[in-house]
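Asks: Count along the sequence shown from 1, then add 337; that gives the number in the working numbering.
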Amino acid sequence: SGLKRFSDAIPVYEKLVSKEFAFRNYEGATALAAVYVESGEREKAIELYRRVVKSSAQLRYQVDLAKLLAEKGEKSEAKRIVDGLTRGLLDLVIEALQPFQATDLGEEGHARVSGPHMTRLGEFGGVHELFQGAGFGQM
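1) Taking the alpha carbon of Ala382 as the point to measure from, which residue in Tyr398, Asp428, Ser393 has its own alpha carbon closest?
2) Do you know whose CA, among Lys391, Tyr386, Glu432, lies nearest Gly365's CA?
3) Can you check whether the CB of Val389 is closer than 7 Å to the CB of Tyr373?
4) Contact defined as beta carbons within less than 8 Å: I believe Leu396 pairs with Ile418. What is the distance between those atoms, to the nearest angstrom?
5) Hey, could you find the ends of the alpha helix (DSSP H) Ala433 is sitting in?
6) Buried or exposed, going by whether 16 or more other CB atoms sit within 10 Å of the CB of Ser337?
7) Quick one: what does DSSP say Phe343 is sitting in, helix, strand or coil?
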């Protein structure tokens, strides 16, 4: 059965991941987490993603962890991660826009490109809609 094949892969991935963490390449770890999920060991996948998130600044690993937590019903922890991502993404967007004048980015005087307005996106739910579309649902 398919479940048995996933279970057979676990020891191979675990050996790979034990070596890979030293090199800060987490592709094997995320593959192992996927195998854990497919073989019914979701808690092991969550713990592995927690370990990856502590070691890596990659946003996609945080998104994957939040999604697993939300699917498990741990929505408060998932929301905390998503809120952190939202703040981090907004900070990056604002930083990237700082060298530009509003006229460089669109219609002259268009208020939506200003820093103060960008920081209020979270209040209007715009960024959270991105995460809801990624399977987070209402949080």
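Ideal Cβ placement from N, Cα and C applies to all residues, glycine included. These numbers were taken from a predicted model, which means no experiment stands behind them.
Replies: Taking the structure as given:
1) Tyr398
2) Tyr386
3) No, Cβ-Cβ distance for Tyr373 and Val389 is not below 7 Å.
4) Leu396 to Ile418, Cβ: 10 Å. No contact.
5) 412 to 434
6) The shown model of the chain, from 338 to 476, leaves out residue 337, and the question about it has no answer.
7) helix
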